[in-house]
Amino acid sequence: SAPDTPVIDQAYSKLSNSITVEWRAVPGATNYMLTAQDGDSFVETIVKNSPGTVMGLKPATLYRITVRSINSGGKSQPSPFRKVNTVLAAPILSVRSPSCDSIAVSWKAVHMAAGFSVSLMRSDGLGRMLKQNTTNTSLIFTNLDPGTLYTIKAYAWNANGMPGDDFTYNQRTSPNAPVDVKVAFNSGALRAVVSWMPAEGALTYSVTVSSGLLKLRCNTSSASCMVPSLQCSSEYNVSVTAYNDAGPSQPTDAVSLKTIPCAPVNISVEEDEPGHLLVSWSSISLGHYYVVFVKSDDGLEVHCNTSHTQYHFQSDCGFTYFISVFAYNEAGQSPLGDVFNYTTAPCCPSDFRPVFMSSDTVRVSWAPVRGADLYETRAAGGSGVVLCRDTATACTLSALQCSTPYNITVYSFSEARGSNTSCAPQYVATAPCTPEIKNISKEGVSVISVQWQPNNEEATYVVTARGEAGLWHCTSTRNSCTLMDLPCGSAFSVSAIARSPAGQSLPSYSIPLETAPCCPNDLTLTQVTQSVTNISWSVGRGAQTYVTALESPKGQAKCHTLQTYCLLGCITCGTNYTVSLRAISETGLTSSCTYQGYSSSACCPSGVKLYRLSNNGIRVFWRASDETINYNADLHGSKGNFSCTPSSGRSHCVITKIPCGDVYTVVVAPVTDKGPKLTFCPKKIYS
123 SAPDTPVIDQ
133 AYSKLSNSIT
143 VEWRAVPGAT
153 NYMLTAQDGD
163 SFVETIVKNS
173 PGTVMGLKPA
183 TLYRITVRSI
193 NSGGKSQPSP
203 FRKVNTVLAA
213 PILSVRSPSC
223 DSIAVSWKAV
233 HMAAGFSVSL
243 MRSDGLGRML
253 KQNTTNTSLI
263 FTNLDPGTLY
273 TIKAYAWNAN
283 GMPGDDFTYN
293 QRTSPNAPVD
303 VKVAFNSGAL
313 RAVVSWMPAE
323 GALTYSVTVS
333 SGLLKLRCNT
343 SSASCMVPSL
353 QCSSEYNVSV
363 TAYNDAGPSQ
373 PTDAVSLKTI
383 PCAPVNISVE
393 EDEPGHLLVS
403 WSSISLGHYY
413 VVFVKSDDGL
423 EVHCNTSHTQ
433 YHFQSDCGFT
443 YFISVFAYNE
453 AGQSPLGDVF
463 NYTTAPCCPS
473 DFRPVFMSSD
483 TVRVSWAPVR
493 GADLYETRAA
503 GGSGVVLCRD
513 TATACTLSAL
523 QCSTPYNITV
533 YSFSEARGSN
543 TSCAPQYVAT
553 APCTPEIKNI
563 SKEGVSVISV
573 QWQPNNEEAT
583 YVVTARGEAG
593 LWHCTSTRNS
603 CTLMDLPCGS
613 AFSVSAIARS
623 PAGQSLPSYS
633 IPLETAPCCP
643 NDLTLTQVTQ
653 SVTNISWSVG
663 RGAQTYVTAL
673 ESPKGQAKCH
683 TLQTYCLLGC
693 ITCGTNYTVS
703 LRAISETGLT
713 SSCTYQGYSS
723 SACCPSGVKL
733 YRLSNNGIRV
743 FWRASDETIN
753 YNADLHGSKG
763 NFSCTPSSGR
773 SHCVITKIPC
783 GDVYTVVVAP
793 VTDKGPKLTF
803 CPKKIYS
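So our numbering is basically just the index in the sequence shown, starting at one, shifted up by 122.
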């Protein structure tokens, strides 16, 4: 059969969605059915034994609670009901930490609630618990520890003071602002490292670097952060904010950060005067002073500190200067800006000198100068200007006027800077003009006078006669000079030059000059026959033909020949002659030569007769042409030669002891004072 009806001992609500019921056990009951009825709605729950709880109820609601016992035989009748109100629902909290030392709690109104109780305590159990009762729907706990996790419990109570469900929430206070903020600026990379002491309860940090409208942020969970990409010549305010799940801390007091100045711009270089360069640039924000570095292309470098925006430095010609300007402040040195290079005008060739001068040409040379790519040589004078441009360190100025002063200037050029116009000129005069020989005249056997047209001022003229015989000179500052001691029989080429401190002119056109041929040094006369004489002589230099003559009151013998000898006939024996010779050159120049007189031999005797004597002798007779002439008789044979000479005035003589049996030749000839015996007189045969 069905079990008995149970009796409820008590029914109560500890949670807003349930009611717990206690009853006495019913024998034979295996289960119990709990019923909570709210008007037309009810909730049933099967439980095994007491106590039992009906779930799924509405908070702050009055329910009629009944219990029925159950076994296999069925269900009992419901027990007498009990009326029980469910407790109030828990307030749903909305919690935040508006500051590092406060937590604000708020909630929505709870049905049938007369008041609320909110308690707060550190989650780690440290410190005391704070509790507040209120009829409002919000409250604030203050004077809390920053960055600390708190546990918050809240419940509502009804008019009877019955508490309802509680609501628990964990909330951390926001962190305190970090302290000991430091900024380390890296000037080379234009970045900053910001560090601080960690804040209690902070999970992350945010670094804000601001300058005007520009804001840079860096988020990190550590106690330092690197802020890149800073701008030069800028002043930033740096602040750090700590964060946790409750929100941000207050930002730290701003720390000022000044970055390095920007590289100076608008650099300009002016050469206000030779040897002085002025470097100027624009003023840079946050630049306290500037350092100018000037490095020349030979490696030397100078620098200067200045608070101004310009700097003067000395420069040399022909150098390229590399100029960089840095700005400085307490943060450091500005980045390297544009390197400005400036090339000064090339140096002037100061040692140029003429190395060759002629009447119309001057060649100048000089040592190379720094910075010069090209040279221009300018000669001003005469009737105009002559220019020469070349990369070489020498220049030949041609087509100049002779014996003319010129101002010669060598200018240097470079592609980078152009010309150096401050180069000084040098005075150079061209060599004298070439003289023109007007006349050559003979003033003596070896004396020649040369005349020319003077066409130079302050020039010395030198006349030269040049030939195989050598060189002969004469010098004059006027218009003529005399060549002395020219050798005979020589051909010369006569020219003239003019000399001055500026140089030497070209030689004039040569005038041929020939001196008269030389007289032969040696002349020999040999009588060949009684009427023929042979004349021979040595060669006379420069002579082509010769005319020889023998002259006496009795007549003249003459010969014109190419040879150095001549046979003259029609000579009268026993006669004194004058000897003359004329040497004639190829062009007809003649030298008259005189020599010692010549006497022809005495005449041969006539009527020569031979008489044999008894003593193997011979008597020779003749007729003398002149009683004053002495004669000599000669007998020539194979067995011997014999002679006899009579005393003066006789015309016969005797030769004795002549070997017999031979044929002899007998010649009677005049006796000469010197020289060989005459052999051309008639011969007689004697056997």
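The beta carbon of each residue, even a glycine, is placed where N, CA and C say it ideally should be.
E357 is bridged by DSSP to K380. The beta carbon of P285 sits closer than 6 Å to the beta carbons of Y277, W279 from its chain, once the five residues preceding and following it are set aside; these are given in chain order. Only buried fits L605, as 16 or more other CB atoms lie within 10 angstroms of its CB. Annotated as distal: T586 and C610, with beta-carbon spacing of 8 Å or more.
Taking one beta carbon from each stretch, the region 329 to 336 and the region 288 to 302 have fewer than 3 pairs nearer than 8 Å; the two do not touch. Here F307 is not near T374, since their CB atoms are 8 Å or more apart. Residue pairing for W229: DSSP places it in a beta bridge opposite L215. Around the Cβ of D756, a 10 Å sphere holds 16 or more other Cβ atoms; the residue is buried.
From the listed residues A364, L711, W594, the smallest Cα separation to M319 is found for A364. Close CB contacts of S437 within its chain, under the 8 Å cut and outside five residues either way in sequence, are with E393, G397, H398, L399, Y443, T466 (chain order).
If you ignore the 5 residues before and after S194, its C-beta comes within less than 8 Å of the C-beta of T152, all in its own chain and listed in chain order.
Taking the Cα positions, C439 is about 52 Å away from S632. In the DSSP assignment, M234 falls outside any beta strand (DSSP E), carrying neither H nor E. Per DSSP, reduced to three states, the secondary structure at S201 is coil, with no helix or strand assignment. Residue pairing for A502: DSSP places it in a beta bridge opposite V507, N529.
The beta carbon of S747 lies closer than 6 Å to those of C725 in the same chain, with the five residues before and after it left out. Taking each of N529, P297, L519, E749 in turn and checking the Cα distance to G503, the smallest one comes out for N529.
For F474, there is no enclosing beta strand (DSSP E), since its DSSP letter is neither H nor E. For D246, the three-state secondary structure derived from DSSP is coil. The residue from D367, V349, T655 with its alpha-carbon nearest to that of T295 is D367. Here P576 is not near S481, since their CB atoms are 8 Å or more apart.
Inter-residue distance for Y134 and N258 is about 28 Å (C-alpha atoms, whole angstroms). By a beta-carbon distance limit of 8 Å, C470 contacts V491. Their separation comes to about 7 Å. As computed with DSSP, S224 is found in a beta bridge with S221. A straight line joining the alpha-carbon of A791 with that of I807 spans about 15 Å. Beta-carbon to beta-carbon, Y753 and P727 are separated by about 6 Å, close enough to satisfy the 8 Å threshold. Judged by beta-carbon spacing, G589 lies beyond the 8 Å limit of S571, meaning their Cβ atoms are not closer than that value.
Under the three-state reduction of DSSP output, Q718 falls in the coil class, being neither helix nor strand.
Secondary structure note for I192: its beta strand (DSSP E) is the uninterrupted segment 184 to 193.
The beta carbon of R663 is closer than 6 Å to those of G611, C640 in its chain, skipping five residues each way along the sequence. With contacts defined as CB atoms closer than 8 Å, S224 and I262 qualify as a contacting pair. Annotation: the continuous beta strand (DSSP E) that includes N451 extends over 442 to 451. In terms of Cα proximity to T326, the closest of L312, Y583, K304, P297 is P297.
Around L711, the same chain offers E636, T637, A638, P639, G664 as residues with beta carbons nearer than 8 Å, after the five sequence neighbours per side are excluded. Bounds of the beta strand (DSSP E) holding I562 are 558 to 566. The C-beta separation of G739 from T778 comes to about 4 Å, placing the pair in contact by the 8 Å criterion.
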